[in-house]
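For reference, the structure discussed in these notes is given below.
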């Protein structure tokens, strides 16, 4: 499934470099967005040497179907407005020690 990188996750005075907001077509409610939590997101750079940066959907953002994804390294600023791939496969959670 395709998504569009909208913006960094940010506050009034601080930008979270590894967190991005992603908009998914036909996803317009918070309930639909929460189904993607745990899915893997892959952003591919458009260049001569293609580079893939992977991330995980961490939460829904707001009530209009936008999701929040946390990437392993920060995306470049040119990634804003480009497409990313959201897989249907969810990441396996690590078992916590008791």
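Residue numbers (our numbering): 142 to 239. Beta carbons are placed, not taken as given, at the ideal position from N, Cα and C, and that holds for glycine.
- As computed with DSSP, residue 219 is found in no beta bridge at all.
- Here residue 150 is buried, its C-beta having at least 16 other C-beta atoms within 10 Å.
- Cβ-Cβ distances below 8 Å link residue 191 to 185 in the same chain, with the five nearest sequence neighbours on each side left out; the list follows chain order.
- Here DSSP, grouped into helix, strand and coil, assigns residue 176 to coil.
- Cβ-Cβ distances below 6 Å link residue 200 to 209 in the same chain, with the five nearest sequence neighbours on each side left out; the list follows chain order.
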